[in-house]
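In full-length UniProt numbering, the protein residues as written are 1 to 1138.
For reference, the structure discussed in these notes is given below.
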């Protein structure tokens, strides 16, 4: 605790030319108390809490000419308390163990370090200044490790100038830490960060940061062999200004044969807070390379609001190796703006949609690539098996946007710009996409995904796409119109109900196969500009110039992968729900579609489509050059203002694969003159069906008839009473609302979806997509035919017969279903059926000779494994019907279940109640009741290994039937029909035999295993085994049936169009009155008077009456809510009436 030299008084001068060694808490080498002191030191060593030089007083000057070694918590080389201190550190400083090289507590300090500083260990610091207006000149190098700090300034208006090299490693380590407002940091040296270290951290408002040197942030391995992240410069606060005239370099590299892991993130520049500005005049580069583990990195990260970042020197990003690095050049979160100019590059090798992103914008931010910007991107897709939802320029969240005003050079297969979650992206510059080798997945240059998201090619914007690849069948992605084809590219594309548009004055140029100007699987697409399409595959020379062209097409009957100006909908059911509108110009040369509508898609031409061919080019196939096409149920409309000009011998106005609908109300010209409808250049003839543009509103009644039928193209809802005589085809969602009545005297074809909540009747219904009969709904039809992957969800009342032809088709019943026609099945064909708990299936018709005569009738003979039927509700078969019948198949192992809640009733079935063909096993865990002479509850198929398992209850006859004599005789509970059949009444199984001369088991079997209960409750003649029953064993363990399959979920149904007659709600309205007793009048219909509608008391000046009646204040039809009218005065009480 002693002191070597102690001086009290002002103006003292101390010269320590030798070495000073201080050890121990409270020990001091030189202590000066007083102002204006001057201390010259040689070497200093302070340990154990000691202090080399201590000055208490203002305007002290300390010259440390030797080296300083400080070790231990509380140890300090030089400590000054007072204002105006000047410290010159000419020697090197080594700090460890929590010690401090130089500490100044006071304002206006000036420190010059020309020596090198090494700080190691948590709590260690090279220099600490606590006070305002500090000035720090760091000329030597600083090395900071293991949680130490090189320079720490706590106070306002500090100025730090670094011209040395700052090297920072390890978590918690900071090269320069500034806490306080109005700080200035100037770096002309090098800042090097790794192993979770931070080069510079500035916290406080109104900071000024100039980085004229180099900032290096790189991944290095720690002692455990794990690559770590790091941070270059962090600025947190408001109103700061950062200018980067040097270079920021971020890197992570791993040897090809290295198997190390990575953790943490490499951050170049982080800016957080509000109203900060960043100007990058230097270069920002990011280089990541690894074959095994991805690195995570960010060049500039901006959070907060109203921050402005200008990148003038461009950004260079290289992401290589066998993995996808999570790297972002510019990350913006919040209401901030980043403008990019200069020459930028992004070079990526990875899967499609790599998470290496040039700019990522969230929560209302904006990134602008200015007219002076050039962005060169190169994307090398390593596989078509995977894809990621990222793009080079990505915007997410409401009010977030990315705008390109410059030039972007990229290649086909690059996901360039994307808007999600209500964000937007747009191009008003030039985008050039050149061919690429390999097989890229489906991609879009510019994409919008999700409701409220938007993408646009603005006025002056040009998108050029060239491809030398042919589309190939590949793995599916339902977000794209062509779900299953790789080597396909969309200039702009909408998915999940987003919108895209090519504005007036904007141009899209496509050269190659599988290229599309505007696409939408679910959403809207609008072209008001120009789209030029040449569907021939180009041949390019070494300079990229087109030297030839080649025809390509998958097949004449499947031309959908040809290029198109617009492609709307999806190749697959339930993936399409989109509209496309052309009010501009689409030019198609040699090959392709002007507009193509697929499943769930509707295209409308109100502009011009031109079909041309190069000189000397002739048709290579049918259906090669088409104005408007429909496939897979799409709809095309050439509207009244639409024109299709055919100036090629093999051009045709329309194409229909036989599933879609085409309307023509516009003009078709051939070689400049109007074309006759019978001309072969018409292609496939447009429909002559009546185009339905509306159905009834609530309270309305309408009846229409058409010999040529009706076609519905837009989503449409019926709220009133609509009767249509003629076939109806609905290409979009069709809704019949709760009070609606829709009658179709003809066939109803549903392509996109049907939701019925009211009363629906149709002769027949054909559906290639899902149908919903809601709990309030009643649906009656002779036949409901399912195709593709259609699912029928019945929650209400259904009467009719369902026919299906695929295992991908389901019936899910939670309501009541009945078949009324004699001999017809309720569900027949190939399908999967779920009769849920509480639901019912029944028949009212009679069995007929040669009829299906079963409520569920599975007819498929090729397979049974996937055709599971599950009953958890009630099936009641009467009038000779069976409950379930299956055909013989060549497959094994399929199960049909009657679950714990399931009940199957059969009264007088002509065939077994559950009549199984070859290939089906049956599990009863519920209740089966059967009555009638010679009736059989469960009958197995012949041949193969069959298991008939009862763990529930089978009543052979019923107790009530025994009492009233309706049970019949000769009944059997479970009957086998082959020597490979095993019947098992498990330990939980109960078979009650109430009918006389009836039996629990019968038929030909391999084994009958009874581990449960058999109750012979008849009056006479009943037994366990029917005469002629055969089996080789009657003992064994119970068979455990597999768990029953579960029904598919319903998914979502789009919101129906509004009721045109829906009441309007009147709010914030005052009924004015006059002295003569008159009042203001509001004329309206379908009006609901809200709670805040009042009448004033202007009439009181003309009358002394205590009761006044105001007539006709509201006139019109369907006015409700009169009792909500109140008075503006507490004296008068208002009471409304109608």
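The beta carbon of each residue, even a glycine, is placed where N, CA and C say it ideally should be.
Under three-state DSSP, which class holds residue i?
i	result
residue 1101	helix
residue 959	helix
residue 192	strand
residue 631	coil
residue 4	strand
residue 675	coil
residue 43	coil
residue 743	strand
residue 353	Only weak support is given to the placement of residue 353: the predicted model assigns it a pLDDT of 49, under 50, and the value that follows is read from those uncertain coordinates. Coil at residue 353, not helix or strand.
residue 992	strand
residue 1124	helix
residue 1033	strand
residue 715	coil
residue 254	coil
residue 1044	coil
residue 534	strand
residue 325	coil
residue 964	helix
residue 790	coil
residue 680	helix
residue 398	coil
residue 939	strand
residue 392	coil
residue 384	Residue placement at residue 384 is poorly supported in this model, since its pLDDT is 49, which falls under 50; the coordinates still yield a value, given next. Residue 384: coil per DSSP, three-state reduction.
Apart from the five residues on each side of it in sequence, which residues of its chain come closer than 6 Å, Cβ to Cβ, to residue i?
i	result
residue 226	261 and 263
residue 325	288, 294, 295, 319 and 356
residue 253	289
residue 341	312, 370, 372 and 373
residue 190	165, 213 and 214
residue 338	309, 330, 332 and 367
residue 69	45 and 94
residue 1140	Because the chain in this structure spans residues 1 to 1138, residue 1140 falls outside the shown range and cannot be described.
residue 1002	972, 975, 1026 and 1029
For the putative contact between residue i and residue j, defined by C-beta atoms under 8 Å, what is the C-beta separation to the nearest angstrom?
i	j	result
residue 1026	residue 1011	Contact flag wrong, Cβ pair sits at about 20 Å.
residue 113	residue 83	That belief does not hold up - the Cβ atoms of residue 113 and residue 83 are roughly 20 Å apart, past 8 Å.
residue 268	residue 232	5 Å
residue 637	residue 593	About 15 Å separates the two Cβ atoms, so there is no contact after all.
residue 926	residue 901	6 Å
residue 574	residue 769	5 Å
For residue i, which residues in the same chain have their Cβ closer than 8 Å to its Cβ, ignoring the five residues on either side in sequence?
i	result
residue 334	302, 303, 304, 305, 307, 362, 363, 364 and 365
residue 855	819, 825, 826, 827, 841, 842, 843, 875, 877, 881, 882, 883 and 884
residue 4	20, 22, 28, 29 and 30
Residues in the same chain with beta-carbon distance under 7 Å from residue i, minus the five sequence neighbours each way, listed in chain order, please.
i	result
residue 889	860, 861, 862, 863, 864, 917, 918 and 919
residue 1130	none
Using a Cβ cut-off of 8 Å (strictly closer), state whether residue i contacts chain B.
i	result
residue 1007	No chain B appears in this structure, which consists of one protein chain only.
In chain order, which beta strand (DSSP E) runs of at least 3 residues are fully inside the stretch 537-619? Listed in chain order, they are 537-540, 546-550, 564-568, 577-582, 585-589, 592-597, 601-605 and 608-612.
Inter-stretch contact (C-beta, 8 Å, three-pair minimum) for the stretch 526-543 and the stretch 586-595: Three or more Cβ pairs drawn from the stretch 526-543 and the stretch 586-595 lie within less than 8 Å of each other, which places the two stretches in contact.
Minimum length 3: unbroken beta strand (DSSP E) runs contained in the stretch 845-900: As far as the stretch 845-900 is concerned, its whole beta strand (DSSP E) runs of at least 3 residues are 854-858, 869-871, 874-877, 882-886 and 894-898.
Which ranges does the alpha helix (DSSP H) cover as unbroken runs of at least 4 residues, wholly within the stretch 155-223, from first to last along the chain? Scanning the stretch 155-223 for uninterrupted alpha helix (DSSP H) segments of 4 residues or longer gives nothing; none is fully contained.
Under 8 Å, with one C-beta from each stretch per pair, do the stretch 515-529 and the stretch 565-572 reach the 3-pair mark? Here the stretch 515-529 lies against the stretch 565-572, with 3 or more beta-carbon pairs under 8 Å apart.
Is it the case that the stretch 449-459 contacts the stretch 493-506, given that we only count it when at least three CB pairs across the two stretches are under 8 Å? When C-beta atoms of the stretch 493-506 are compared with those of the stretch 449-459, three or more pairs fall below 8 Å, so the two segments count as touching.
Quick one: any contact between the stretch 1070-1077 and the stretch 1045-1058, if contact means 3 or more CB pairs under 8 Å? Judged by Cβ distances under 8 Å, the stretch 1070-1077 makes no contact with the stretch 1045-1058, as fewer than three pairs qualify.
Could you check whether the stretch 169-183 touches the stretch 196-207, counting it as contact only if at least three pairs of C-beta atoms, one from each stretch, sit closer than 8 Å? Contact between the stretch 169-183 and the stretch 196-207 is present: three or more C-beta pairs spanning the two stretches fall below 8 Å.
Sufficient close CB pairs (3 or more, under 8 Å) joining the stretch 1087-1101 to the stretch 1112-1130: In short, these stretches touch, since the Cβ pair count reaches three.
Kindly confirm or deny that the stretch 748-755 and the stretch 721-737 touch, where touching means at least three C-beta pairs closer than 8 Å. Judged by Cβ distances under 8 Å, the stretch 748-755 makes contact with the stretch 721-737, as three or more pairs qualify.
Could you pull out every unbroken alpha helix (DSSP H) segment of at least 4 residues lying fully inside the stretch 428-513, listed in chain order? Taking only runs of at least 4 residues, no alpha helix (DSSP H) segment lies wholly in the stretch 428-513.
Runs of 3 residues minimum, wholly inside the stretch 68-154: which ones carry the beta strand (DSSP E) assignment? Here the runs fully enclosed are 68-71, 76-81, 86-89, 93-96, 100-105, 110-113, 117-120, 125-130, 135-138, 142-145 and 149-154.
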